[in-house]
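Okay, so here's the structure we're looking at.
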């Protein structure tokens, strides 16, 4: 007879410590956060010195044996648990059987500036964690060099934000808690043009592309989902740009507008003469 695997107890201090990470004050105190599901855990295991622990159901450990192996190879402690324990730790309605405990991965803002970024997304006053995570994912997909979350924005390590990023928070530098004025001034001093995305902007994105002004290093500043960017933040920008609405839609949501803006800059920068131009073969 094959012995049943030993499961961690629901009363274990390790389970209690992981459960507390659903709350921001505990995350800040411990400098730890939760990564849920196979994609996030795989990305965390691949990011150096990040994955601390992994809780997995027996079924999930069997189904995702490669991820569990990567977690062990990364030095993480692996705990087998029943579904009730995973549900207790998880913040999702339907857990996927894997929950990782990770060290914070944010990057100092000065380090981002020192790397001379060419494309940056700045989230100013963005409060919805799902939107923040999705914008981070869009920035990653567009090839941005960094993301900056201002001190008025949502916590990067909010579980919903982590899930919405689908592992992208492990792929590119992310600075957190930066005052918007410091973010803008620091990027300007680094030679980056500041573009504020606003539906009522004076400049049209299509016109900016036609004028050839989008090929320079740029940072897009995105505002609150409901009320956009305050006037004092718009005043800091080199240009306030709107995404043109050619159809009858009232507006675009934050993540969609961010994707359009970031990809417009990425394409312009990769065009001939842009700062991301590719030498013809």
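Residue numbers (this note's numbering): 7 to 287. Ideal placement from N, C-alpha and C gives every residue a C-beta, glycine not left out.
CA-CA distance, residue i and residue j?
i           : j           : result
residue 287 : residue 177 : In this prediction, residue 287 has a pLDDT of 37, which is less than 50 and means its spatial position is unreliable; what the coordinates show is noted afterwards. Distance between the alpha carbons of residue 287 and residue 177 is about 28 Å.
residue 57  : residue 49  : 9 Å
residue 17  : residue 187 : 46 Å
residue 124 : residue 224 : 6 Å
residue 208 : residue 264 : 17 Å
residue 242 : residue 232 : 20 Å
residue 338 : residue 253 : This structure gives no information on residue 338, because the portion of the chain shown stretches from 7 to 287.
residue 23  : residue 274 : 47 Å
residue 202 : residue 51  : 35 Å
residue 59  : residue 37  : 14 Å
residue 234 : residue 262 : 14 Å
residue 266 : residue 196 : 24 Å
residue 32  : residue 98  : 19 Å
residue 155 : residue 185 : 9 Å
residue 247 : residue 103 : 43 Å
residue 28  : residue 162 : 13 Å
residue 73  : residue 212 : 44 Å
residue 110 : residue 257 : 35 Å
residue 70  : residue 149 : 29 Å
residue 15  : residue 47  : 22 Å
residue 80  : residue 226 : 35 Å
residue 95  : residue 245 : 45 Å
residue 259 : residue 214 : 21 Å
residue 276 : residue 268 : 12 Å
residue 21  : residue 30  : 17 Å
residue 101 : residue 144 : 24 Å
residue 13  : residue 139 : 33 Å
residue 229 : residue 116 : 22 Å
residue 19  : residue 272 : 47 Å
residue 204 : residue 239 : 11 Å
residue 3   : residue 199 : Residue numbering for the chain in the displayed model covers 7 to 287; residue 3 lies beyond these limits and cannot be assessed.
residue 44  : residue 189 : 34 Å
residue 90  : residue 68  : 18 Å
residue 86  : residue 129 : 38 Å
residue 283 : residue 53  : Reliability of the predicted coordinates at residue 283 is poor, the pLDDT of 43 falling under 50, and the value obtained from them is presented with this limitation in mind. Taking the straight line joining both Cα atoms gives about 29 Å.
residue 164 : residue 82  : 21 Å
residue 285 : residue 61  : Below a pLDDT of 50, predicted positions are generally treated as unreliable, and residue 285, at 42, falls in that range; no measurement from the model is reported.
residue 255 : residue 25  : 42 Å
residue 34  : residue 181 : 15 Å
residue 75  : residue 55  : 15 Å
residue 42  : residue 270 : 32 Å
Report the partner residues of residue i according to the DSSP bridge assignment.
i           : result
residue 226 : 127 and 201
residue 234 : 230
residue 248 : 210
I believe residue i touches residue j by the beta-carbon criterion, under 8 Å. Please report the beta-carbon distance rounded to the nearest angstrom.
i           : j           : result
residue 105 : residue 193 : About 36 Å separates the two Cβ atoms, so there is no contact after all.
residue 131 : residue 159 : 6 Å
residue 63  : residue 88  : 7 Å
residue 236 : residue 210 : Contact flag wrong, Cβ pair sits at about 22 Å.
residue 107 : residue 127 : Actually they do not touch by this definition, with Cβ atoms about 27 Å apart.
residue 152 : residue 179 : 5 Å
residue 183 : residue 157 : 5 Å
residue 77  : residue 84  : 6 Å
Is residue i a contact residue of the ligand NAD, with contact defined as CB to any heavy atom under 7 Å?
i           : result
residue 132 : Of ligands this structure carries none, so the ligand NAD is not represented either.
Practice task
Please list the segments of the alpha helix (DSSP H) lying wholly inside the stretch 140–220, counting only runs of 4 or more residues, in order along the chain.
Solution key: 165–171, 186–195 and 211–217, all fully within the stretch 140–220.
Exercise. Decide yes or no for the touch test of the stretch 213–232 against the stretch 108–120: beta carbon pairs closer than 8 Å, at least 3 of them.
Key: no
Check: For the stretch 84–125, which segments carrying the beta strand (DSSP E) assignment without a break, of at least 3 residues, lie completely within its bounds, in sequence order?
Finding: 104–109
Query raised in the report: Is the stretch 162–178 touching the stretch 123–137 in the sense that three or more CB pairs, one from each, lie closer than 8 Å?
Result: Touching, yes.
- Query: Enumerated in chain order, which unbroken segments of the alpha helix (DSSP H) with a length of 4 residues or greater are wholly contained in the stretch 20–71?
  - Reply: 30–36, 44–52 and 64–69
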